[in-house]
Structure formats: C-alpha cells, structure tokens
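Novice:
There are 2 protein chains.
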Amino acid sequence: MKHTISVLVENKPGVLTRISTLFAARGYNIDSLAVGETDDPTVSRMTIVVAGDEAILEQVKKQLNKLIDVIKVSDFLNVAHVERDLILIKVRADKSVRNEILQIVDIFRAKIVDVSANTVIIEMTGDEDKIQALINMLKPFGIKEMARTGIIAMARGG
Amino acid sequence: MKHTISVLVENKPGVLTRISTLFAARGYNIDSLAVGETDDPTVSRMTIVVAGDEAILEQVKKQLNKLIDVIKVSDFLNVAHVERDLILIKVRADKSVRNEILQIVDIFRAKIVDVSANTVIIEMTGDEDKIQALINMLKPFGIKEMARTGIIAMARGG
C-alpha cells in the first residue's frame, strides 16, 4: 500500500540529505518526492510517497518527527484529501495520428503545450490512476520523453 | 540566476541521498526538487532547480555525471523548453468573497478542486511567474495552506 506523507521542514541546506538518509538507512522505498516552496521562504514542504503497511508509516512518521529541521509531519490516512501529480509527456505525432491524439487529450481534459512536425508535448494533472490511464492510451503512438513531479496532497475542507 | 537540471537516475535506494549530499557538501542551494517515475520503472527523473551562475551549473553537472547511478544529465540553458510547476492552495473563501475568487480562478485558467463553507482549494499549473502572480492575487483573502511540486521541464520540438 502507498502512503502520502507531507512534511514541513526548515528551508536549509542539508535537510534533504538528512531525510533521504533516514529513508535509505531503513530501506524504505520512496515512490516519489516533491519539494516545493511555501508562502514562508524559510519553510519548504516535502511530499513523500512511501510503500508499506501502516506500521511502516507510523515508524517513518516517528523518525521524521525526531529530526531537528522537521516542523510538522502529516499523513492522509483516513483523511479526505486531494492528490495531484503533474506530467509532461512528449509523444510521436505526425499528421496521420494527430487528430486521434487530440481526441485523447480532449477526453482527459489535458493540454497540448508544444507541437512540432513529428511530436506534441501534453501536460496533465490528476491522481495516479488518471495519469497511468493517459500513459497507457499514449503508449501505442510512441512516448519519446516523460517527466513527472510526484504527488502533492492537501486535506479537503476548512 | 536559476537553472533547471534534469537528471535520469537508476531507481535505487540511496541515489537521492548521494545526490542531495553532493549538493549540500558544496553548498549549492536547491530551490526545488521533483522526483518522479518514467515509463521505465527502473529509471527515475529528478528535476532540480539550482541558483547560481553558469560556472556553478557546469560544476554541478560535472559532479552529477561522476555519480554511478546517474544515467544522463541535461540542462535547459539556451534550449527552448517548457517549464511547469503545480500548486494546490487553500484559501479562506466565505460567501462574501467566493465570487471574487472564482473570477481570479477563471482569469488564471486554474481549477477549484474542493470547496467547504469557508475555504476553497485551487489547483493550477504554470511557470514560476504565473504561479507567483496567482499567489499574490490570493494572499489578501488569506492563504491557509499551500503545496507545490517544484518545476519539471522538457525541451520543445522533436
């Protein structure tokens, strides 16, 4: 099972190393990691997706809370929340298939953000399932390149 | 000046630690980091935004290329490319201001992904400038929470 953990940390050099060392030393498998700014420039938010059971999740949270630069750790277990990942995907698309690709983009409410004679770049946000479904639909055309941000998450409601 | 670096790495435990150690040891300041899957499950792509001049960028690339788990390092200096960051932002929004917020969401072609009696969660993708502009417009209403993925990038064209 995959768990999403949100960690507020001091925005200092070395924090990322301490956190990634913690995960590596204990053999926890990080599926994705996103580190972005918050509205406070001294604070960053890391969103980590880790595979394992609930016991693993509890261990990870306990270890993270021990780190001096960690301000707050939250998970989204049993919490109604929004999860979003962003993907850029460059697909082979000459004239003969461009229409078909545009249809797929439309169905997924994705966006074309670049086009050349033989390729398009598609941008889409969604949860893991939606993004995987898009990848599956585009694979037959030939995926030239793909970049994903990893998940960020937020609890619903006030 | 900010530089965006894209690094293809073996998807193994410890790789993130080696890379973050490299940055921390040399005092390079990471502005954002996104680690996501590629279409090959054994390979991940890290997108790192680092501040500094071109000499720093060259040093970072050289050091990264020495790491055993690094498959390919590219930067986007003088390359036409697309950059995208994803933000989720929870804003105070009772009935009296909801319309005004909806207008802003509309202008930025952002999306409302959750609503409660007193808040909304807004999702938007864009480059740094666009995201900063959205944050500035929403600040007066009261930002309750904010999560960003950090930038991913892709060269334009075939």
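Chains as they are written, first to last, in our numbering: chain B, -1 to 156; chain G, -1 to 156.
Yeah, the Cβ is synthetic: ideal placement off N, Cα and C, and Gly gets one too.
Since the structure is predicted, the reported quantities are computational estimates derived from the model, not experimental observations.
For the stretch 108 to 120 of chain B, enumerate the residues whose C-beta is nearer than 8 Å to any C-beta of chain G, in chain order.
Specialist: V111, D112, S114, A115, N116, T117, I119
Novice: Taking just the CA atoms, how far does F21 of chain B sit from N76 of chain B?
Specialist: Here the question's residue 76 of chain B lines up with position 78 in the first sequence. Here the question's residue 21 of chain B lines up with position 23 in the first sequence. When rounded, the distance between both Cα atoms is 23 Å.
Novice: According to the neighbour-count rule (16 or more other Cβ atoms, all chains shown, within 10 Å of its Cβ), is G25 of chain B buried or exposed?
Specialist: Locating residue 25 of chain B in the first sequence gives position 27, where the first residue counts as 1. Label assigned to G25 of chain B: exposed.
Novice: For S72 of chain B, decide whether its Cβ has a neighbour in chain G, counting only Cβ atoms nearer than 8 Å.
Specialist: On the first sequence, residue 72 of chain B is found 74 positions in, with the first residue counted as 1. Judged by the 8 Å Cβ criterion, S72 of chain B is not in contact with chain G.
Novice: By the DSSP assignment, the beta strand (DSSP E) with L31 of chain G in it spans what residues?
Specialist: For the purposes of this step, residue 31 of chain G is identified with residue 33 of the second sequence, where counting begins at 1. Here the beta strand (DSSP E) through L31 of chain G covers 28 to 35.
Novice: Quick check: G31 of chain B and V33 of chain G, are their CB atoms within less than 8 Å of each other?
Specialist: Within the first sequence, numbered from 1, the residue matching residue 31 of chain B stands at position 33. Within the second sequence, numbered from 1, the residue matching residue 33 of chain G stands at position 35. In the sequence under discussion, the amino acid at residue 31 of chain B is Leu, which differs from the Gly named in the question. Their beta carbons are under 8 Å apart, which means L31 of chain B touches V33 of chain G by this criterion.
Novice: Taking only beta carbons into account, state which residues of the stretch 31 to 59 of chain B come closer than 8 Å to chain G, listed in chain order.
Specialist: For the stretch 31 to 59 of chain B, the residues whose beta carbon sits under 8 Å from a beta carbon of chain G are, in order, L31, A32, V33, G34, E35, T36, D37, R43, T45.
Novice: Out of curiosity, what's the CA-to-CA distance linking F106 of chain B and V118 of chain G?
Specialist: Taking the first sequence and counting its residues from 1, one reaches residue 106 of chain B at position 108. Taking the second sequence and counting its residues from 1, one reaches residue 118 of chain G at position 120. Near 23 Å, if we compare the C-alpha coordinates of V118 of chain G and F106 of chain B.
Novice: State yes or no: is the beta carbon of M152 of chain B nearer than 8 Å to at least one beta carbon in chain G?
Specialist: On the first sequence, position 154 is the one that residue 152 of chain B refers to. Chain G, which has a Cβ nearer than 8 Å to the Cβ of M152 of chain B, makes this yes.
Novice: What do you reckon, are the CB atoms on I129 of chain B and M122 of chain B nearer than 8 Å?
Specialist: Looking up residue 129 of chain B in the first sequence gives position 131. Looking up residue 122 of chain B in the first sequence gives position 124. Closer than 8 Å, so yes.
Novice: With a 10 Å radius around its C-beta and 16 neighbouring C-beta atoms as the bar for buried, classify G124 of chain G as buried or exposed.
Specialist: By 1-based counting over the second sequence, the position of residue 124 of chain G is 126. Buried, since its Cβ has 16 or more Cβ neighbours within 10 Å.
Novice: Beta-carbon within less than 7 Å of V68 of chain B's beta-carbon, same chain only, minus the 5 sequence neighbours each way: which residues are those?
Specialist: Translated into positions along the first sequence, residue 68 of chain B becomes position 70. Contacts found: V5, V7, L62.
Novice: In or out: A53 of chain G buried (at least 16 other Cβ within 10 Å) or exposed?
Specialist: Within the second sequence, numbered from 1, the residue matching residue 53 of chain G stands at position 55. The residue in question, A53 of chain G, is exposed, as its Cβ has fewer than 16 Cβ neighbours within 10 Å.
Novice: If I follow the unbroken beta strand (DSSP E) through S114 of chain G, where does it start and stop?
Specialist: Within the second sequence, the letter at position 116 stands for residue 114 of chain G. Run containing S114 of chain G: none; DSSP gives neither H nor E here.
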